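Enquirer: Chains as they are written, first to last, in this note's numbering: chain X, 1 to 192; chain W, 1 to 192.
Protein chains: 2
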Amino acid sequence: MTKGVVIEHGESSKAPLVPEPVAAGVSRAVSIADVFLRFLSIVATIASAISMGTTNETLPFFTQFIQFEAKYSDLPSFTFFVAANAVVCTYLVLSIPLSIVHIIRPRARYSRLILVFFDAAMLALLTAGASAAAAIVYLAHKGNVRANWFAICQQFDSFCERISGSLIGSFAAMVLLIVLIFLSAFALARRH
Amino acid sequence: MTKGVVIEHGESSKAPLVPEPVAAGVSRAVSIADVFLRFLSIVATIASAISMGTTNETLPFFTQFIQFEAKYSDLPSFTFFVAANAVVCTYLVLSIPLSIVHIIRPRARYSRLILVFFDAAMLALLTAGASAAAAIVYLAHKGNVRANWFAICQQFDSFCERISGSLIGSFAAMVLLIVLIFLSAFALARRH
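#1: According to DSSP, is L75(W) helix, strand or coil?
#2: Mind checking who A70(X) pairs with in its DSSP beta bridge?
#3: Which residues of chain X have a Cβ atom closer than 7 Å to the Cβ of R107(W), listed in chain order?
#4: For N148(X), name the three-state secondary structure that DSSP assigns.
#5: Inspect the beta-carbon positions of R28(X) and I114(X) and report whether they are closer than 8 Å.
#6: Compute the Euclidean distance between the alpha carbons of V175(W) and L183(W), then round it to the nearest angstrom.
#7: Does any residue of chain B have a CB that is nearer than 8 Å to the CB of D74(W)?
#8: Can you give me the C-alpha to C-alpha distance between S131(W) and P76(W), rounded to a whole angstrom?
#9: Label F36(W) either buried or exposed according to how many other C-beta atoms from any shown protein chain fall within 10 Å of its C-beta, with 16 as the threshold for buried.
#10: Check the Cβ-Cβ distances between L188(W) and every residue of chain X, and say whether any is below 8 Å.
#11: Can you check whether the CB of V82(X) is closer than 8 Å to the CB of M122(X)?
#12: Among the residues of its own chain, which have a CB less than 7 Å from the CB of A120(X), if the five just before and after it don't count?
#13: With 8 Å as the threshold, decide whether the Cβ of A147(W) is near any Cβ in chain X.
#14: Determine the direct distance from the alpha carbon of N144(X) to that of F156(W), and round the result to whole angstroms.
#15: Can you name the start and end residues of the alpha helix (DSSP H) that F171(W) belongs to?
#16: Check the C-beta distance from A133(X) over to L167(X) and give it rounded, since I have them as a contact under 8 Å.
#17: Rounded to whole angstroms, what is the Cα-Cα separation between R107(X) and V43(X)?
#18: Along the chain, where does the alpha helix (DSSP H) containing G143(X) start, and where does it finish?
#19: For E8(W), which three-state DSSP category applies?
#20: Could you tell me whether the Cβ atoms of R190(W) and V26(W) are closer together than 8 Å?
#21: Looking at the C-beta of V116(X), does it have a partner C-beta in chain W at a distance below 8 Å?
#22: What's the gap between the Cα of A33(X) and the Cα of L40(X)?
#23: Among R38(W), A124(W), T55(W), which one has its Cα closest to the Cα of I163(W)?
#24: Which of the three DSSP states, helix, strand or coil, is assigned to P97(X)?
#25: For A49(W) and N85(W), what's the separation of their Cα atoms in angstroms?
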């Protein structure tokens, strides 16, 4: 390990108030936590996308005209949910190498700035997907008397359970992304 | 102005590579932009909350049982939208003093860290509100054949226009919050 030796362009190499190895150690711990949390978020978003994307329920009865079948793609919000989770998951996979570079070079700053920006954008995208899906899931469960929208969960029982469950991963990833943004900012603030 | 004199706990007072006044000037410009963007976000969120919160349409005909009236509070997603905008607006108002402190003390870091964390949390809250409302607005416009939910916008025309318009402020505030998070991280990275 090149602890305390890597000096980036534009950084002062003078002795800081906090001892060098201690400060670098904290930054490195933050970077390791960063990689770990990104892996957790990848698992959470991919689980959400797959569990929503494979949802399909066909009822065991049908009329002459309609076979009763519920799929996630019937509702545009759910399609958006799957797409948002897939995009965020892809971004997180691509961000892992940069995050690993931060373990080796704890004092990097421009790359951290890039991560903060994209993490915030991805947080917005993921939240939008999860929240739009949650609004429709709520409607499917409760319906709405005023708008004359009926609760479809009485018929499509396992479909509703599945779509409700698939939201959990997204909401967990949201929390993880907020923590990731904070960790990046913390690492930037720790630099002296 | 106390330019270059304020030294926070734990910061080195040694001469950096970038000339002190230039670096402090950039940080100060970032802080001023921060305050300005916060004011814009306050206007955007308050406009969203008010325009959604005062939406009310009564149709000019009624039956014996029902008077046809549409209010934002008929749909839980819209109530959440108003609440989310109000909370974010309140937070932004409270964050203005801290942001002004950063103009005077461009090298502050722990207060910036706090802002980054809460900005990210508020971004998630605002996005959740805007996106849940957008999902319902979409449903009100288009309906859904598979779930047997009818488009209510054919009847409640001005109601639908109003709720669609009120989303704009929230989405603008989302973009502003992402920029605010990036600016705070940038200011932290500029510190030497």
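For glycine and all other residues, C-beta sits at the position ideal for the given N, C-alpha and C.
It should be emphasised that the depicted structure is a prediction, and the values quoted were computed from it without experimental measurement.
Expert: Checking against the coordinates, here is how it stands:
#1: For the purposes of this step, residue 75(W) is identified with residue 75 of the second sequence, where counting begins at 1. If DSSP states are grouped into helix, strand and coil, L75(W) belongs with coil.
#2: The sequence position of residue 70(X) within the first sequence is 70, counting from 1. A70(X) pairs with E57(X).
#3: By one-based count along the second sequence, residue 107(W) stands at place 107. Those do not exist, as R107(W) stays about 11 Å from chain X at its closest Cβ, beyond 7 Å.
#4: Position 148 of the first sequence, counted from the first residue, corresponds to residue 148(X). If DSSP states are grouped into helix, strand and coil, N148(X) belongs with coil.
#5: Taking the first residue of the first sequence as position 1, residue 28(X) is located at position 28. Taking the first residue of the first sequence as position 1, residue 114(X) is located at position 114. Contact: no.
#6: As a position in the second sequence, residue 175(W) is number 175, starting the count at 1. As a position in the second sequence, residue 183(W) is number 183, starting the count at 1. A direct Cα-Cα distance of roughly 12 Å separates V175(W) from L183(W).
#7: The structure shown has no chain B; the protein chains it does contain are X and W.
#8: Taking the second sequence and counting its residues from 1, one reaches residue 131(W) at position 131. Taking the second sequence and counting its residues from 1, one reaches residue 76(W) at position 76. Roughly 13 Å separates the two Cα atoms.
#9: Start at 1 with the first residue of the second sequence, and residue 36(W) comes out as number 36. Counting Cβ neighbours within 10 Å, F36(W) comes out exposed, since fewer than 16 surround it.
#10: Translated into the one-based positions of the second sequence, residue 188(W) becomes position 188. Yes, because at least one Cβ of chain X sits closer than 8 Å to the Cβ of L188(W).
#11: As a first step, residue 122(X) must be located in the first sequence, where it is residue number 122. As a first step, residue 82(X) must be located in the first sequence, where it is residue number 82. Against a cut-off of 8 Å, the Cβ pair of V82(X) and M122(X) comes out as no contact.
#12: In the first sequence, residue 120(X) corresponds to position 120, counting from 1. Excluding five sequence positions before and after A120(X), the CB atoms of its chain that fall closer than 7 Å to its own CB belong to I181, given in chain order.
#13: Taking the first residue of the second sequence as position 1, residue 147(W) is located at position 147. Chain X, which has a Cβ nearer than 8 Å to the Cβ of A147(W), makes this yes.
#14: On the second sequence, position 156 is the one that residue 156(W) refers to. On the first sequence, position 144 is the one that residue 144(X) refers to. About 16 Å.
#15: Taking the first residue of the second sequence as position 1, residue 171(W) is located at position 171. From DSSP, the alpha helix (DSSP H) with F171(W) extends over 157-190.
#16: Translated into positions along the first sequence, residue 133(X) becomes position 133. Translated into positions along the first sequence, residue 167(X) becomes position 167. Yes, A133(X) and L167(X) are in contact; Cβ-Cβ is about 6 Å, under 8 Å.
#17: Within the first sequence, the letter at position 107 stands for residue 107(X). Within the first sequence, the letter at position 43 stands for residue 43(X). Answer to the nearest angstrom: the Cα atoms are 28 Å apart.
#18: Position 143 of the first sequence, counted from the start, is the residue given in the question as residue 143(X). Run containing G143(X): none; DSSP gives neither H nor E here.
#19: Here residue 8(W) is taken as the residue at index 8 of the second sequence, counted from 1. Note that E8(W) has pLDDT 46, beneath the 50 cutoff, so the model's placement of it is unreliable and the number below is only indicative. In this structure, E8(W) counts as coil in the three-state DSSP scheme.
#20: Numbered from 1 along the second sequence, position 190 holds the residue referred to as residue 190(W). Numbered from 1 along the second sequence, position 26 holds the residue referred to as residue 26(W). In contact: R190(W) and V26(W) (Cβ atoms closer than 8 Å).
#21: Position 116 of the first sequence holds residue 116(X). At least one chain W Cβ lies under 8 Å of V116(X).
#22: The residue given as residue 33(X) occupies position 33 in the first sequence. The residue given as residue 40(X) occupies position 40 in the first sequence. Between A33(X) and L40(X), the C-alpha separation is close to 11 Å.
#23: For the purposes of this step, residue 163(W) is identified with residue 163 of the second sequence, where counting begins at 1. Residue T55(W) is the option with its Cα nearest to I163(W).
#24: Counted from its first residue, the first sequence places residue 97(X) at position 97. Of the three classes helix, strand and coil, the one that applies to P97(X) here is helix, per DSSP.
#25: What you label residue 49(W) is simply residue 49 of the second sequence in a count that begins at 1. What you label residue 85(W) is simply residue 85 of the second sequence in a count that begins at 1. Answer to the nearest angstrom: the Cα atoms are 6 Å apart.
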